[in-house]
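Chains as they are written, first to last, in my numbering: chain H, 1 to 120; chain W, 1 to 888.
C-beta atoms are modelled at their ideal positions from N, C-alpha and C, and glycine is treated no differently.
Computed from a predicted structure; not experimentally measured.
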C-alpha cells in the first residue's frame, strides 16, 4: 500500500527537483548536502526536500549529461563529491525554467481567472 | 567494474559524507552526538530505497527483465521436455522447409544474374508479329547497327551447341558457345586464369582461341595451371586455351545446357572472302544480349531503339516488308533466364509459407493448452503483484525462445541435409548462382522464426491477463481448465489449421491431377523399348576439310552406321535422325518455310519445326501415316528431295487443299523444291503439353546435318541393355570413324520423364508440404477434442450414470470434431478457389475448380478429422461413471 503513495510523491517531485538542483548548481559546483541545504534555505524553508531523494535525481542528471561529478573537499575538510553544471545542463535549465514559468502562469490563470493581469 | 558499480560506490561514500555533515551540523546546534546522528539519518530517509532508486537510474530495466524472462522460459521448457520437443520439431520443420525454399528463390528469382550491374543487362529479341513469328534471331548487319546506335555499351551475339573435344582418351562432347569477342566484357566477368577475348577484336571468322570452364579444366586437364597456351582440338580444329573461367561462372542461357557452357570461342560473325552477311539472313538460334549505357532505363533504351528500327525500315524497305512488321524488343536478361520457373517457385514459396503458418497454429494450440494447465501459476503470480504486462512479456519470451530454438534446429537440419536437398532440384531450374545458405537466407530464417514466435506466442499471452483470479485460485490442485474464451480460441485455431491445410491439399491435388493427365496423355508415338544415343559429326571451320559436308559424302556413312547398328544384340529396329528428331528433349529447331506459289512471304518467312530422319524412323517410333507414303531407301542423295509433314502442318498451310505433291523449301537460298509425299498423324514430340505443332520431316540422306544440327541421333528399338548397348554402339561407330564421340544414351521413357522434371519437382514438394499439413491438422484436432473430452469427463460420467448410450456419447464427441473440420473446410474452400485460379498457369488438363479434387480433398480432410476425434471419443465412452463423478 505505502509503496504506491511513495512512488506518486517521487514522481510529483521528480521534474521539479531536477529543476531546483540545476538552479542551485548555477551558483557554482557544490556537494550533495550543500545542495539540499541551499534548496531549503533559498525557499525560506518552505520546500522540505527529503534529503535522500536528492541522490537518485543527481545520478539521473549525470546520466543525462546535464551535470558532472568530481572529487573535492568540503568546508570541514572532508572528501566529498562536487557536482557541477555542464554547458548542456545550463541550456536545459533555461528550457526548463521557461517551461515552468509557462506552466505556473497557465495554472495561475485557471485558478484565478480574475486576477490574471495582477500576479503571475 | 562497470559504470554502474563505480557510481554506486561513489553513492555510498556520498551518503556517508552527507550524514556526517548533517550530524556535525546537528552537534553544532547543540545536540548530543547520538541524537545528532539519529536526526541526520531520519532526515535523510530510507537509505536502501535511495540506493535502489539510484541503481535503477543506471540499469536498463528491460534488459534485466528480459534476462529474467529468458532464464525462466528456459526453465519452463526444460521442465516439459515432451512439449518442448514437439513444438521445437514442428517449428524446425517449418522454418527449415521455408528457408530451404527461400534459398532456392534467393538464388533464382532474387539474384538470378551473378554479374556486375545486372539491371543494365537485356536480351535483344527480334519479332515479326506480322507473320506471327517471335524471336526470329538477329542478322549480322542488324547487330552492327545496334552496336553503333549509342544506346548500348555492348551488344553481343552467342550461339550455343555441342562440340567434339578430341585429344583425351575418349573423344567427348562439350557444351560450346561461339560468342562475339565483346561477350565477357559485356558481362563484366574476369577469368580465374589467363584473359578473356579482346572486345575490340574485329577478326572475321573464328579466332582460334578458347576459354574453358572451371569444370572442364578440372575434369579433363586435372586443373593444370600450365594449361594456358596449350592446344585443344574442337571438331578437328586446333584452338589455343587463353583462359579459364572462375568456378561457379554460368552463362545467362535459357536451357541448362546453355548455362553449363564449357568452351567459349570468339566468333567474328563474318566469313572472310565471302559476300557480307545479308540483312534478312537471321541467325536463328543466336542469342543477342546487350548492356545498356549507364543511366539509361530499359524503357528509355526501348524508345530510342524503336526510333532506330523505324529509320532502318525506311532505309531498307526490301529487307523489312511492312507486312512482317519487324520490331526489336528489349527483355530484362533476368526474365529470360528465370523464364517460367517463376510461377512454380512462387507457388512453392507460398505452399511452404502455408505449412509454416499451420505449424505456428499448431504450436499456438499447444501453448494455449499449456497456458490453461499453468492458469493457476499465472493466477498466483498475478495475485502476488506481477503486472499483466510482465506476464504477457514472459509468455511472449517463451514463444520467441521456442521459435528461435526451433529455427536454429531447422537451420541445423537444413545445413546437414543441404547436399541431398540440392540434388532434388531439377537441372532445368535456372540457377546461375549456387544455391547456398548465405546471409540473406540466414536473415530470412531469423525473420521467419521471430514472426512465427510472435504469432504463436501471442495467443496464450493475450489470454494471460484475463484470468479470473478468484476462480483460478479456488480450483484445487489441478491447473485451471481454462476459460470458455480460451476454448473458443483453440477451436478457432483448429478451424484455421484445417482451412490452410485444405488450401495446400487442393493445390497439391490439382498439381497431381495435372501431372497424372500429362503422364497419361496420348503421345502419338511409342517410347517403349526405344533408346536414343548421340554422336556428333565434326564441323571444321574450313568447309573443304569437312568429310561429311555434302549428302553424297554423308549418306554412305549413315548407311554403314545403320548396317552395323542392326547387328548389335537385342536390336530389332534402328533409325537415324538429327538432334531435332529426339522427341521431347531438344530446343526448338526451326527453319524458315517457303511455300511454292507463296514466295511473296519469302523475305520474312514463317518458321517451322524441322527434323531430318532415315526411313525407318517413323515405324520405329510408331507414327501413324494418314495420307501418301513415308520415306523409303529410294529417297536418297540422288533422288529429288521429299518431305513428310504432320497434320498440324497440313491444316495450317493447306487448310482446304491436298498437301500431297505440294512444294516447299526450308531455306530461302535453296534452289531445289522439296515435294510433300506424306502426312502423318500429330504426335506430342515437341511438347507434352501441346497436342499439335506443325512439323516437317526431311530425308536425312538428302538433307545432311548442318550447323547446330550436326548432332546425329541413333534410335534403337528392341530388348536393349541400357548399360551394354551404348558401349557396343560406340565400338561400332568408332570402327567407322574413331574420332567420333558417342554420348548421351537415354531411353525415350527417361527423356519423357526428364521433360516433366520441373513439374514433378513442384508436385512432389507441394504434395509433401500438403501431407505434413494434413498430419499437423490431424494432430491439432486430436488435441482439441482430447481437451474437450477431458474437460467434460465429469459431465460424460453423469450422462453415462443416468443411462446415456455410449453410442450417443461417441456421436456427441465426433460431432464436435466434424463441426470443426467442416467449418475449416468451408473457409478453406473459398481460399482454395482463389489460390487455384492464381496457379491456373501451372495446371494441365484440369480446371482450377476441378470438382473431383475439391470434393476428394474435403472428404479426405473430414475423414482425418473423424479419425483424430475418434481416439479421444473412445476414451470418453470408456469413462467409468464412478471415477468421473468422484473427479474434483
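(message) One question on the structure: do residue 506 of chain W and residue 832 of chain W come within less than 8 Å of each other, judged by their Cβ atoms?
(response) Locating residue 506 of chain W in the second chain gives position 506, counting from the first residue. Locating residue 832 of chain W in the second chain gives position 832, counting from the first residue. Yes, Cβ-Cβ distance for residue 506 of chain W and residue 832 of chain W is below 8 Å.
(request) Go through its chain and collect everything with a Cβ distance to residue 352 of chain W's Cβ below 7 Å, but skip five positions before and after it. (result) Position 352 of the second chain holds residue 352 of chain W. Here the set comprises 97, 98, 101 and 769.
(message) Just verifying my parser: in three-state terms, what is the DSSP assignment at residue 896 of chain W?
(response) No statement about residue 896 of chain W is possible, as the shown extent of chain W runs from 1 to 888 and does not include it.
(request) Quick one: residues in its chain with C-beta nearer than 7 Å to the C-beta of residue 524 of chain W, no 5 flanking neighbours on either side, listed in chain order? (result) By one-based count along the second chain, residue 524 of chain W stands at place 524. Cβ-Cβ distances below 7 Å link residue 524 of chain W to 681, 682, 683 and 684 in the same chain, with the five nearest sequence neighbours on each side left out; the list follows chain order.
(request) Show which residues of chain H have a CB atom less than 8 Å away from the CB atom of residue 17 of chain W. (result) Taking the first residue of the second chain as position 1, residue 17 of chain W is located at position 17. Those within 8 Å of residue 17 of chain W in chain H are 31, 32, 33, 74, 78, 79, 80 and 81.
(request) Please state if the CB of residue 84 of chain H and the CB of residue 67 of chain H are separated by a distance shorter than 8 Å. (result) Start at 1 with the first residue of the first chain, and residue 67 of chain H comes out as number 67. Start at 1 with the first residue of the first chain, and residue 84 of chain H comes out as number 84. Residue 67 of chain H is a Cβ neighbour of residue 84 of chain H, given a cutoff of 8 Å.
(request) Quick one: measure Cβ to Cβ for residue 508 of chain W and residue 767 of chain W, integer angstroms, because I've assumed they're closer than 8 Å. (result) Here residue 508 of chain W refers to the residue found at position 508 of the second chain. Here residue 767 of chain W refers to the residue found at position 767 of the second chain. Right, the Cβ-Cβ distance comes to about 5 Å (below 8 Å), so this counts as a contact.
(request) Please determine if the segment 577 to 584 of chain W and the segment 611 to 620 of chain W are in contact, where contact requires at least 3 C-beta pairs separated by less than 8 Å. (result) Taking 8 Å as the limit for Cβ pairs, the verdict is that the segment 611 to 620 of chain W does touch the segment 577 to 584 of chain W.
(message) Excluding the 5 residues flanking residue 309 of chain W on each side, which residues of the same chain have their C-beta closer than 8 Å to its C-beta?
(response) For the purposes of this step, residue 309 of chain W is identified with residue 309 of the second chain, where counting begins at 1. The residues are 326, 327 and 328.
(message) Any contact between the segment 513 to 533 of chain W and the segment 750 to 762 of chain W? By contact I mean 3 or more CB pairs, one from each, below 8 Å.
(response) Contact between the segment 513 to 533 of chain W and the segment 750 to 762 of chain W is present: three or more C-beta pairs spanning the two stretches fall below 8 Å.
(request) Within 10 angstroms of the Cβ of residue 416 of chain W, are there 16 or more other Cβ atoms? Answer buried if so, exposed if not. (result) Position 416 of the second chain, counted from the first residue, corresponds to residue 416 of chain W. Exposed, because fewer than 16 other Cβ atoms sit within 10 Å of the Cβ of residue 416 of chain W.
(message) So, does the segment 100 to 113 of chain H touch the segment 31 to 43 of chain W, judging by three or more C-beta pairs under 8 Å?
(response) Not touching, per the Cβ criterion.
(message) Please tell me whether residue 476 of chain W has its Cβ less than 8 Å away from any Cβ of chain H.
(response) As a working mapping, residue 476 of chain W is identified with position 476 in the second chain. Here residue 476 of chain W scores only 46 on pLDDT, less than 50, and its place in the model should not be relied on; the value that follows carries that caveat. Residue 476 of chain W does not count as touching chain H.
(request) Indicate whether the contact test is met: 3 or more Cβ pairs, each with one atom in the segment 812 to 826 of chain W and one in the segment 861 to 879 of chain W, closer than 8 Å. (result) Yes, the segment 812 to 826 of chain W is in contact with the segment 861 to 879 of chain W.
(request) Please report the residue range of the alpha helix (DSSP H) in which residue 618 of chain W lies. (result) The residue labelled residue 618 of chain W in the question sits at position 618 within the second chain. Segment 617 to 621, the alpha helix (DSSP H) holding residue 618 of chain W.
(message) Any beta carbon from chain W within less than 8 Å of residue 52 of chain H's own beta carbon?
(response) Stepping through the first chain from its first residue, residue 52 of chain H is reached at position 52. Chain W, which has a Cβ nearer than 8 Å to the Cβ of residue 52 of chain H, makes this yes.
(message) Please report whether the beta-carbon of residue 44 of chain W lies at a distance below 8 Å from any beta-carbon of chain H.
(response) Within the second chain, numbered from 1, the residue matching residue 44 of chain W stands at position 44. For residue 44 of chain W, the answer is yes, since a Cβ of chain H falls inside 8 Å of its Cβ.
(message) Given this structure, state the Cα-to-Cα distance separating residue 39 of chain W from residue 100 of chain H, to the nearest angstrom.
(response) On the second chain, position 39 is the one that residue 39 of chain W refers to. On the first chain, position 100 is the one that residue 100 of chain H refers to. Looking at the backbone, the Cα of residue 39 of chain W and that of residue 100 of chain H are separated by about 33 Å.
(request) Measure the C-alpha to C-alpha separation of residue 661 of chain W and residue 592 of chain W and round it to an integer number of angstroms. (result) Locating residue 661 of chain W in the second chain gives position 661, where the first residue counts as 1. Locating residue 592 of chain W in the second chain gives position 592, where the first residue counts as 1. Residue 661 of chain W and residue 592 of chain W have their C-alpha atoms spaced approximately 20 Å apart.
(message) If I measure Cβ to Cβ from residue 116 of chain H and keep anything under 8 Å in the same chain, skipping five residues before and after, which residues do I get?
(response) If you number the first chain from 1, residue 116 of chain H lands on position 116. Caution is warranted here: a pLDDT of 49 is assigned to residue 116 of chain H, below 50, making its placement in the model unreliable, and the coordinate value is therefore given only provisionally. Only 108 and 109 meet the Cβ criterion.
(message) Quick check: the segment 397 to 408 of chain W against the segment 437 to 453 of chain W, are at least 3 beta-carbon pairs closer than 8 Å?
(response) Touching, yes.
(message) Which complete beta strand (DSSP E) runs does the segment 731 to 787 of chain W hold, if anything under 3 residues is left out?
(response) Taking only runs of at least 3 residues, the beta strand (DSSP E) segments lying wholly in the segment 731 to 787 of chain W are 742 to 747.
(message) To the nearest angstrom, how far is the alpha carbon of residue 344 of chain W from that of residue 110 of chain W?
(response) Within the second chain, numbered from 1, the residue matching residue 344 of chain W stands at position 344. Within the second chain, numbered from 1, the residue matching residue 110 of chain W stands at position 110. Between the alpha carbons of residue 344 of chain W and residue 110 of chain W lies a gap of roughly 14 Å.
(message) Extract the residue ranges of the beta strand (DSSP E) inside the segment 554 to 582 of chain W, only unbroken runs of 3 or more that lie entirely within it.
(response) Counting only runs that start and end inside the segment 554 to 582 of chain W, the beta strand (DSSP E) elements of at least 3 residues fall at 571 to 578.
(message) Helix, strand or coil for residue 523 of chain W? Go by DSSP, reduced to three states.
(response) Numbered from its first residue, the second chain carries residue 523 of chain W at position 523. Residue 523 of chain W sits in coil when the DSSP states are folded into three classes, being neither helix nor strand.
(request) Taking C-beta pairs closer than 8 Å, name the residues in chain W that residue 56 of chain H reaches, listed in chain order. (result) By 1-based counting over the first chain, the position of residue 56 of chain H is 56. Using a Cβ-Cβ cut-off of 8 Å, residue 56 of chain H is close to 50, 53, 54, 56 and 57 of chain W, given in chain order.
(message) Among W:389, W:399 and W:80, whose alpha-carbon lies nearest the alpha-carbon of residue 373 of chain W?
(response) Your numbering for residue 373 of chain W matches position 373 in the second chain. Checked all of W:389, W:399 and W:80; the closest Cα to residue 373 of chain W is W:80.
(message) Just to confirm before moving on: does the CB-CB distance between residue 261 of chain W and residue 741 of chain W stay below 8 Å?
(response) Position 261 of the second chain, counted from the start, is the residue given in the question as residue 261 of chain W. Position 741 of the second chain, counted from the start, is the residue given in the question as residue 741 of chain W. The Cβ-Cβ distance between residue 261 of chain W and residue 741 of chain W does not fall below 8 Å.
(request) Grab me the residues of residue 825 of chain W's own chain with a C-beta within less than 8 Å of its C-beta, minus the 5 sequence neighbours each way, in chain order. (result) Working through the second chain from its first residue, we reach residue 825 of chain W at position 825. Closer than 8 Å at Cβ, skipping near neighbours: 498, 499, 502, 858, 861 and 862.
(message) For a test of the three-state rule: what should DSSP assign to residue 242 of chain W, helix, strand or coil?
(response) Position 242 of the second chain, counted from the first residue, corresponds to residue 242 of chain W. Under the three-state reduction of DSSP, residue 242 of chain W is assigned to strand.
(request) Using DSSP bridges, identify the partner residues of residue 535 of chain W. (result) To locate residue 535 of chain W, count along the second chain from 1; it is residue 535. In the DSSP assignment, residue 535 of chain W is bridged to W:712 and W:742.
(request) With a 10 Å radius around its C-beta and 16 neighbouring C-beta atoms as the bar for buried, classify residue 41 of chain H as buried or exposed. (result) Counted from its first residue, the first chain places residue 41 of chain H at position 41. The residue in question, residue 41 of chain H, is exposed, as its Cβ has fewer than 16 Cβ neighbours within 10 Å.
(message) Contact between the segment 358 to 375 of chain W and the segment 146 to 164 of chain W is defined here as three or more beta-carbon pairs at a separation below 8 Å; is this criterion met?
(response) Counting Cβ pairs under 8 Å, fewer than three are found: no touch.
(request) Pair every Cβ in the segment 793 to 810 of chain W with every Cβ in the segment 874 to 882 of chain W, then say whether three or more of these pairs are closer than 8 Å. (result) Using a C-beta cut-off of 8 Å, the segment 793 to 810 of chain W makes contact with the segment 874 to 882 of chain W, since at least three inter-stretch Cβ pairs fall below that distance.
(request) Assign residue 112 of chain W to one of two classes, buried (16 or more other C-beta atoms within 10 Å of its C-beta) or exposed (fewer than that). (result) Within the second chain, the letter at position 112 stands for residue 112 of chain W. It counts as buried.
(request) Can you tell me which of the three DSSP states residue 476 of chain W falls into? (result) Indexing the second chain from 1 puts residue 476 of chain W at position 476. Because residue 476 of chain W sits at a pLDDT of 46, beneath the cut-off of 50, its placement in the model cannot be relied upon, and the following sentence gives the value as read from the coordinates. Taken through DSSP and simplified to helix, strand or coil, residue 476 of chain W comes out as coil.
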